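Undergrad: Take this structure first; my questions come after.
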């Protein structure tokens with residue numbers, strides 16, 4: 027017994043023990059089916075609800091076939107647990123009605139298909155015995171495949187539709203995929219389990235090996251195609267990400283002209299007035315909905331602080347309190363060497379004012395201002411959602427003002443992040459890309475600047491990249507929406523998966539039928555052979571019995587014919603009577619020889635000939651046979667040449683049978699050789715056999731007749747051994763007797779040159 031057979035035997039014993047314990051059966055089934063589902067989900071189930079590859083259906087049906095209806099609780103529990111989230115299971119939330127009921131209904135699809143399939147098998151007697159009869163195999167696959175899969179697909183997709191797990195527009199596609207995947211799963215995995223458990227020998231290895239290989243190839247092609255498709259979609263997403271970043275890089279350019287104009291209003295010797303600022307600010311704010319506020323903040327050193335206060339008093343006609351930021355609150359301005367204090371401020375739709383506030387007192391604003399001052403370029407502040415009534419995120423854009431190399435201050439704009447960003451990402455959104463842009467602000471925490479929502483679908487982001495904008499670093503997250511997938515996805519992986527599984531299914535059916543047909547034909551041949559052997563044995567027994575019954579009256583006819591022919595009791599009278607008596611005598615003798623041959627052949631075919639083997643000297647046996655045939659040789663003037671090798675070993679054989687073999691061969695050679703031509707009997711030996719050859723110079727046998735010459739009663743037109751004087755049984759008897767000695771007969775013949783009959787009989791040590 028090979029290793030695989032031993033393993034199968036062990037598994038069968040384990041399966042038998044499990045089958046006898048219902049609780050153990052349910053537990054083992056649950057664990058096994060749950061593992062199968064999870065493995066299938068992890069490696070193969072690449073779409074939301076349908077896949078062209080789903081092994082669980084075929085495995086479930088195989089379990090029903092081997093264990094019966096008692097298996098359903100384990101399969102149902104395993105299917106239910108596969109729908110339960112781990113956290114929900116630990117917390118017990120899966121026991122709530124809204125969670126439990128839909129999951130239970132979905133789980134029922136795992137047992138509906140096999141239960142219906144088993145019912146059909148019982149109803150139509152569709153389980154083939156040993157899976158060898160082709161017609162029964164086809165019947166089985168037609169029963170367990172299409173119809174139960176239709177029922178399972180209808181139920182599963184209906185449940186998904188009721189609980190909004192699938193879209194109506196995808197219903198037919200999902201139904202077709204579910205149906206095909208269930209059929210192919212049954213054809214592949216039910217067959218695989220049956221082959222592993224029920225088939226024997228090479229058939230088990232061939233069927234299970236080919237099925238496993240074909241499934242692995244189909245699944246591999248599907249998974250690789252799906253990964254290639256995912257990589258292609260990733261490239262499309264990356265391309266969109268590049269376009270978005272290129273577009274966002276221009277976001278600050280649009281506001282540079284206004285900031286430069288604002289800077290132009292202020293010089294070192296002549297500062298802008300409040301009237302100038304408000305006139306400019308009002309025009310800009312009303313033209314652009316994205317601008318929340320405009321400000322001019324002046325750079326002031328500590329020694330110039332009193333002069334700056336005097337300027338504010340002259341501008342506003344009242345004392346302006348100078349303050350600084352302290353978290354969410356403000357407090358009077360403290361001592362520092364330098365300040366950036368807001369001198370003018372205009373805000374849209376709000377009375378809020380930050381005049382007199384020191385921008386350097388805010389840590390993150392200070393970073394932005396220092397960046398602008400050092401690099402003499404724009405900078406932006408972290409986004410802020412606290413300072414405006416609408417709670418929308420906004421960021422501040424700063425542009426420094428220098429005169430003769432000295433910093434005068436900063437032109438400032440407060441911009442709504444979402445409306446500013448939207449035009450630059452609208453093209454990507456229209457292509458079905460989900461986008462979220464955020465700023466990892468140090469003080470306020472991560473702030474979302476922009477987020478797209480397509481049809482209120484949940485956002486899933488597949489790529490994240492850092493986008494440096496001036497002094498800040500924004501994070502852009504992008505993902506593919508259903509629209510993107512609908513427009514850009516290719517059906518090729520799905521089609522390849524279906525085609526691969528269909529091909530694997532056809533291979534599974536074909537290999538089972540092919541291996542089964544061979545076994546089926548062997549079974550039929552064995553049954554027919556047994557019938558033929560029984561018929562042949564009955565015929566042989568009948569012929570043997572009839573031959574004995576016929577010999578008794580024939581012996582009487584021959585005996586009385588000899589008495590009459592010899593005129594023992596007086597003359598017959600007419601010569602015609604003498605002729606008739608001679609004819610009767612010759613005919614009787616011929617019939618007796620024919621019956622003797624038939625009797626010998628019948629005994630051989632009925633396996634009633636028992637050999638009495640002993641050590642025989644072949645030389646003595648040959649000499650005895652030659653003497654018996656001397657009258658026949660003298661009648662045709664044919665000499666018999668004996669050519670026996672020296673030191674021939676003794677032959678372990680039945681003496682009577684050996685003489686019968688030699689006399690039959692020599693008499694045939696004499697009978698069909700021309701008068702005066704010699705007949706030769708030769709013998710030689712090797713380490714395994716003694717080879718005896720009888721050669722004549724007769725008419726020979728045609729090549730086409732040689733293959734049938736050893737069959738009983740065979741007559742060929744140019745066959746000298748089956749002429750009208752023979753019975754056609756001599757060589758058949760020789761062949762049967764030689765086979766009883768475990769030897770072989772070979773005939774070589776050439777037309778008009780003669781025939782050589784060779785027999786090989788094993789030596790005693792080789793038998």
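In this note's numbering, the protein residues as written are 27 to 793.
All residues carry an ideal CB built from backbone N, CA and C; glycine is no exception.
Predicted, not measured: the structure shown is a model, and the values here were computed from it.
Assuming contact is defined by CB atoms lying nearer than 9 Å, are residue 118 and residue 51 in contact in what I supplied?
TA: Here residue 118 is taken as the residue at index 92 of the chain shown, counted from 1. Here residue 51 is taken as the residue at index 25 of the chain shown, counted from 1. Result no, Cβ atoms of residue 118 and residue 51 do not sit closer than 9 Å.
Undergrad: Should the stretch 432–439 be called in touch with the stretch 283–290, which here means at least 3 C-beta pairs below 8 Å?
TA: Touching, per the Cβ criterion.
Undergrad: If we ignore side chains and look at the alpha-carbon of each, how far apart do residue 13 and residue 552 end up?
TA: No answer is possible for residue 13: the residues shown for the chain start at 27 and end at 793.
Undergrad: Quick one: what's got a C-beta closer than 7 Å to residue 125's C-beta in the same chain, skipping five residues either side?
TA: Residue 125 sits at position 99 when you count from the first residue of the chain shown. Cβ neighbours of residue 125 beyond the five flanking positions: 114, 119.
Undergrad: Which first and last residues belong to the alpha helix (DSSP H) in which residue 696 is found?
TA: Numbered from its first residue, the chain shown carries residue 696 at position 670. Run containing residue 696: 681–697, per the alpha helix (DSSP H) assignment.
Undergrad: Can you list, in chain order, the residues of its chain with a C-beta nearer than 7 Å to that of residue 385? Leave out the 5 residues immediately preceding and following it.
TA: Numbered from its first residue, the chain shown carries residue 385 at position 359. Around residue 385: 323, 366, 368, 391, 395.
Undergrad: Shortest alpha-carbon distance to residue 775 belongs to which of 246, 710, 695?
TA: Here residue 775 corresponds to residue number 749 of the chain shown, with the count starting at 1. Of the candidates 246, 710, 695, the one whose C-alpha sits nearest the C-alpha of residue 775 is 695.
Undergrad: Taking 6 Å as the limit between beta carbons, can you name the residues of its chain near residue 201, skipping five residues before and five after?
TA: Within the chain shown, residue 201 is the residue found at index 175, counting from 1. If we look at residue 201 and ignore the five residues flanking it on each side, its Cβ neighbours are 179, 183.
Undergrad: First and last residue of the alpha helix (DSSP H) that includes residue 245?
TA: Along the chain shown, read from residue 1 onward, the residue named residue 245 stands at position 219. Here the alpha helix (DSSP H) through residue 245 covers 227–274.
Undergrad: Identify the residues that DSSP records as bridge partners of residue 504: which are they?
TA: Position 478 of the chain shown, counted from the first residue, corresponds to residue 504. Paired residue(s): 461, 489.
Undergrad: If you run the structure through DSSP and keep just helix, strand and coil, what is residue 394?
TA: Locating residue 394 in the chain shown gives position 368, where the first residue counts as 1. Helix at residue 394.
Undergrad: Considering only the alpha carbon of each residue, which of 545, 475, 399, 97 lies closest to residue 227?
TA: In the chain shown, counting from the first residue as 1, residue 227 sits at position 201. That would be 545, whose Cα lies nearest to the Cα of residue 227.
Undergrad: Cα separation between residue 509 and residue 359?
TA: Taking the first residue of the chain shown as 1, we reach residue 509 at position 483. Taking the first residue of the chain shown as 1, we reach residue 359 at position 333. Their Cα atoms are separated by approximately 55 Å.
Undergrad: I need the boundaries of the beta strand (DSSP E) containing residue 183, first residue and last residue.
TA: Your numbering for residue 183 matches position 157 in the chain shown. Boundaries for residue 183: no beta strand (DSSP E) harbours it, while the alpha helix (DSSP H) harbouring it runs 172–188, taken from the DSSP string.
Undergrad: Have a look at 706, 605, 497 and flag the residue whose alpha-carbon is nearest the alpha-carbon of residue 397.
TA: Within the chain shown, the letter at position 371 stands for residue 397. Of the candidates 706, 605, 497, the one whose C-alpha sits nearest the C-alpha of residue 397 is 497.
Undergrad: For residue 378, which three-state DSSP category applies?
TA: Along the chain shown, read from residue 1 onward, the residue named residue 378 stands at position 352. If DSSP states are grouped into helix, strand and coil, residue 378 belongs with coil.
Undergrad: CB-CB under 6 Å to residue 419, same chain, minus the five flanking residues each way: which ones, in chain order?
TA: Looking up residue 419 in the chain shown gives position 393. Excluding positions up to five away in sequence, the list reads 409, 411, 443, 473, 475.
Undergrad: Among 214, 657, 128, 241, whose alpha-carbon lies nearest the alpha-carbon of residue 190?
TA: Here residue 190 refers to the residue found at position 164 when the chain shown is read from its first residue. Ranking 214, 657, 128, 241 by Cα distance to residue 190 puts 128 first.
Undergrad: Exposed or buried, which one is residue 638 when buried takes at least 16 other CB atoms within 10 Å?
TA: Within the chain shown, the letter at position 612 stands for residue 638. It is exposed - the Cβ of residue 638 has fewer than 16 other Cβ atoms within 10 Å.
Undergrad: In chain order, what residues of the same chain lie with their CB nearer than 7 Å to the CB of residue 167, ignoring the 5 residues before and after it?
TA: Sequence index remark: in the chain shown, residue 167 carries index 141 (1-based). Taken in chain order, the residues that qualify are 213, 535.
Undergrad: My assumption, with CB atoms under 8 Å, is that residue 327 sits in contact with residue 304. Please give the rounded CB distance.
TA: For this step, residue 327 is matched to residue 301 along the chain shown. For this step, residue 304 is matched to residue 278 along the chain shown. Their Cβ separation, rounded to whole angstroms, is 27 Å, which puts residue 327 and residue 304 out of contact at 8 Å.
Undergrad: Near residue 790, which residues of its chain fall below 6 Å by C-beta distance, leaving aside the five closest residues on each side in sequence?
TA: In the chain shown, counting from the first residue as 1, residue 790 sits at position 764. Closer than 6 Å at the Cβ level, and outside the excluded window around residue 790, lie 678.
Undergrad: How many whole angstroms separate the CB atoms of residue 549 and residue 158, which I take to be in contact at a CB cut-off of 8 Å?
TA: Start at 1 with the first residue of the chain shown, and residue 549 comes out as number 523. Start at 1 with the first residue of the chain shown, and residue 158 comes out as number 132. Confirmed, about 7 Å.
Undergrad: Let me know the secondary structure DSSP gives residue 474 once reduced to three states.
TA: Locating residue 474 in the chain shown gives position 448, counting from the first residue. Looking at residue 474 - three-state DSSP - the assignment turns out to be strand.
Undergrad: Which partner residues of residue 774 appear in the DSSP bridge assignment?
TA: What you label residue 774 is simply residue 748 of the chain shown in a count that begins at 1. Its beta-bridge partners are 782.
Undergrad: Given 8 Å as the limit, is there contact between the stretch 299–317 and the stretch 450–467, that is, 3 or more CB pairs closer than that?
TA: no
Undergrad: Could you give the DSSP three-state label for residue 350: helix, strand or coil?
TA: Working through the chain shown from its first residue, we reach residue 350 at position 324. In the structure shown, residue 350 sits in a strand (DSSP, three-state: E or B).
Undergrad: Just to confirm my understanding: we take residue 78, look at its own chain, exclude 5 residues before and 5 after, and list those with CB closer than 7 Å. What are they?
TA: As a position in the chain shown, residue 78 is number 52, starting the count at 1. Counting only Cβ-Cβ distances below 7 Å, and skipping sequence neighbours, we find 203, 206, 207, 248, 520, 523, 524, 527.
Undergrad: Tell me, please, whether the stretch 721–737 touches the stretch 641–655 by the rule of three or more beta-carbon pairs shorter than 8 Å.
TA: no
Undergrad: With a cut-off of 8 Å, do at least 3 Cβ pairs link the stretch 104–113 to the stretch 267–277?
TA: With fewer than three CB-CB distances shorter than 8 Å, the stretch 104–113 does not count as touching the stretch 267–277.
Undergrad: Whole angstroms are fine: how far does the CA of residue 541 sit from the CA of residue 780?
TA: Here the question's residue 780 lines up with position 754 in the chain shown. Here the question's residue 541 lines up with position 515 in the chain shown. Using only the alpha carbons, I get a separation of about 48 Å.
Undergrad: Taking only the alpha-carbon atoms, compute the straight-line gap between residue 480 and residue 506 and give it to the nearest angstrom.
TA: Walking along the chain shown from the start, residue 480 turns up at place 454. Walking along the chain shown from the start, residue 506 turns up at place 480. The predicted position of residue 480 is uncertain, since its pLDDT is 49 and thus under 50; no value can be drawn from it.
Undergrad: Name the two residues that bound the continuous alpha helix (DSSP H) containing residue 432.
TA: As a working note, residue 432 is residue 406 in the chain shown. Taken as a continuous stretch (DSSP letters only), residue 432 belongs to no alpha helix (DSSP H), being part of the beta strand (DSSP E) at 432–442.
Undergrad: Going by DSSP in three states, residue 713 sits in which element: helix, strand or coil?
TA: What you label residue 713 is simply residue 687 of the chain shown in a count that begins at 1. Correct three-state label for residue 713: coil.
Undergrad: Cβ of residue 362 within 9 Å of Cβ of residue 320?
TA: Mapped onto the chain shown, residue 362 falls at position 336. Mapped onto the chain shown, residue 320 falls at position 294. Contact flag unset, no.
Undergrad: May I ask you to report which of helix, strand or coil DSSP gives residue 323?
TA: Numbered from its first residue, the chain shown carries residue 323 at position 297. Looking at residue 323 - three-state DSSP - the assignment turns out to be strand.
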